[in-house]
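The block underneath contains the structure these notes are about, expressed in structure tokens.
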Amino acid sequence: MANLRQTPLTCSGHTRPVVHLAFSDITESSYFLISASKDGKPMLRQGDTGDWIGTFEGHKGAVWGVAINKEATRAASGAADFNAKIWDAVSGGELQSIPHKHIVKSVHFSNDSTHLATGSNEKLIRIWDLHKPDTPILEFSGHSGCIKQAYYLRDDSRVVSCSDDKTLRLWDVKSGQEIDKLEFTMVPNSVEVSQDGQILTVTAGSTVSFWQAETLTKIKEWKVPTVVYSASLHPDKEVFVCGGDDLRMYKFDYNTGAELESFKGHFGPVHCVRFSPDGELYASGSEDGTLRLWQTTIGKTYGLWKCVDNSTTNNTNNATAGIDALSSSAAPPLQNNTTTINLHEVVAN
1 MANLRQTPLT
11 CSGHTRPVVH
21 LAFSDITESS
31 YFLISASKDG
41 KPMLRQGDTG
51 DWIGTFEGHK
61 GAVWGVAINK
71 EATRAASGAA
81 DFNAKIWDAV
91 SGGELQSIPH
101 KHIVKSVHFS
111 NDSTHLATGS
121 NEKLIRIWDL
131 HKPDTPILEF
141 SGHSGCIKQA
151 YYLRDDSRVV
161 SCSDDKTLRL
171 WDVKSGQEID
181 KLEFTMVPNS
191 VEVSQDGQIL
201 TVTAGSTVSF
211 WQAETLTKIK
221 EWKVPTVVYS
231 ASLHPDKEVF
241 VCGGDDLRMY
251 KFDYNTGAEL
261 ESFKGHFGPV
271 HCVRFSPDGE
281 LYASGSEDGT
291 LRLWQTTIGK
301 TYGLWKCVDN
311 STTNNTNNAT
321 AGIDALSSSA
331 APPLQNNTTT
341 INLHEVVAN
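Per the numbering used here, the sequence shown starts with residue 1, numbered consecutively.
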């Protein structure tokens, strides 16, 4: 088929900018997507369709960071109300609230979901044992600016963080010591750990750079056409996507840096971008208050996308990736129904 057109799924529901998002791993019930917004209400959606599942209610300020564990049974959020919260991702109930002394910008589960890493405007990264979260079991100090993001690496032995102090740092979880750091000329807006845990994707200014996660050795870097706020590397490491100040989504060849595609869909700057765990789509969140899901391979029948070849009806060479349905606006919060996720199915025509 020729002249395929990207048709993103638009996920409405948030009333303020969407500033962060995260996918679960692939589970028996597909995979799931959680979003953070300045409206203070994280939302859970089916990852391959964008279909709304529920809203976590309890924060009293903008939510800056979210996480969902591998099994999609627990969610976490960090907010401007100085709290990190742990949620039952099936029932929607709040399980724990972990107070901080300033805005919590980042949350991330350990691989076994027993610990949580938080980063805050206190310039500290903390590790919490979720079985007894009264006090942190570890604090990483060294940043001189607010923490933007902090993530466990794949084996949970190290944590990576980026900060307003224009550095990215690597920490040892056992000793609590800083292992290494990178210094940038501009504030790193985001860091992503690749699905295999081997590569860090960092955005700063109009540059996307890639680093060995264990050694902080630079692999490569590419200039992009805009100030970029977030980037994500495809699981097969062939392409990466990014978005930022100019409202567009970009896809680049990871090996050559060549621009492959660019699309405008959002009506505000793009704050966050992530590939799905199967690599079939990528999600973006924007200042316009929406999430959008984009096909990695345009025209492939997947989720709610159905490829339509118009040449069979109008004798043209145009083809579009049609959408069977759009996800709806947010409804009431998640209910106490332990089968919410397990029974949630979307069937495309």
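By construction, the Cβ of each residue, glycine as well, lies at the ideal position given by its N, Cα and C atoms.
- request: Helix, strand or coil for ILE179, going by three-state DSSP, please let me know.
  value: As a first step, residue 179 must be located in the sequence shown, where it is residue number 179. Here ILE179 sits in strand by DSSP.
- prompt: Would you call the CB atoms of GLY285 and HIS20 closer than 8 Å?
  reply: If you number the sequence shown from 1, residue 285 lands on position 285. If you number the sequence shown from 1, residue 20 lands on position 20. Yes.
- request: Leaving out five residues on either side along the sequence, give the residues of the same chain with a beta carbon under 6 Å from the beta carbon of HIS350.
  value: A query on residue 350 cannot be resolved here, the shown segment of the chain reaching from 1 to 349 and no further.
- prompt: At which residues does the beta strand (DSSP E) containing ARG74 begin and terminate?
  reply: Position 74 of the sequence shown, counted from the start, is the residue given in the question as residue 74. Membership of ARG74 in the beta strand (DSSP E) is indicated by the continuous run 74-79.
query: Who are the Cβ neighbours of PRO8 in its own chain at under 7 Å, not counting the five residues just before and after it?
result: The sequence position of residue 8 within the sequence shown is 8, counting from 1. Cβ neighbours of PRO8 beyond the five flanking positions: GLY265, ARG292, LEU293 and TRP294.
query: With burial defined as no fewer than 16 other Cβ atoms inside 10 Å of the residue's Cβ, what is the status of HIS131: buried or exposed?
result: On the sequence shown, residue 131 is found 131 positions in, with the first residue counted as 1. Burial call: exposed.
message: Considering only the alpha carbon of each residue, which of ASN111, TRP128, PHE109 and LYS105 lies closest to GLY119?
response: To locate residue 119, count along the sequence shown from 1; it is residue 119. Comparing Cα positions, the closest option is LYS105.
task: Within its chain, find whatever has a CB closer than 6 Å to the CB of HIS100; leave out the 5 residues flanking it on each side and keep chain order.
output: For this step, residue 100 is matched to residue 100 along the sequence shown. Result list for HIS100: PHE82 and SER120, in chain order.
message: Under 8 Å: do the region 142-153 and the region 190-204 share three or more Cβ pairs, one atom per stretch?
response: Touching, yes.
field: Three-state secondary structure assigned by DSSP to GLN6
entry: Counted from its first residue, the sequence shown places residue 6 at position 6. Coil.
- prompt: For GLY142, which three-state DSSP category applies?
  reply: For the purposes of this step, residue 142 is taken as residue 142 along the sequence shown, with counting starting at 1. In the structure shown, GLY142 sits in coil (DSSP, three-state: anything other than H, G, I, E or B).
- prompt: Taking the continuous beta strand (DSSP E) assigned at GLY65, which residues delimit it?
  reply: Translated into the one-based positions of the sequence shown, residue 65 becomes position 65. 63-68 is the span of the beta strand (DSSP E), which, as asked, contains GLY65.
- request: Report the residue ranges of all beta strand (DSSP E) runs contained in full by the region 164-241; include only those spanning at least 3 residues, in chain order.
  value: 167-172, 178-183, 188-193, 199-204, 207-212, 218-223 and 228-233
query: TRP52 to ILE137, Cα distance in whole Å?
result: Within the sequence shown, residue 52 is the residue found at index 52, counting from 1. Within the sequence shown, residue 137 is the residue found at index 137, counting from 1. Distance between the alpha carbons of TRP52 and ILE137: 35 Å.
query: Just how far apart, CA to CA, sit THR10 and LEU281?
result: On the sequence shown, residue 10 is found 10 positions in, with the first residue counted as 1. On the sequence shown, residue 281 is found 281 positions in, with the first residue counted as 1. Whole-angstrom Cα-Cα distance: 13 Å.
query: What three-state label does DSSP hand ASN83 in the structure shown?
result: Position 83 of the sequence shown, counted from the start, is the residue given in the question as residue 83. Of the three classes helix, strand and coil, the one that applies to ASN83 here is strand, per DSSP.
First through last residue of the beta strand (DSSP E) which encompasses HIS20: One-based indexing of the sequence shown puts residue 20 at position 20. From DSSP, the beta strand (DSSP E) with HIS20 extends over 18-23.
Sheet register partners of SER37 (DSSP bridge): As a working mapping, residue 37 is identified with position 37 in the sequence shown. Partner(s): VAL18.
- request: Measure the beta-carbon distance from GLU71 to THR114 and round it to whole angstroms, keeping in mind my assumption that it falls under 8 Å.
  value: Within the sequence shown, the letter at position 71 stands for residue 71. Within the sequence shown, the letter at position 114 stands for residue 114. That pair is no contact at about 13 Å.
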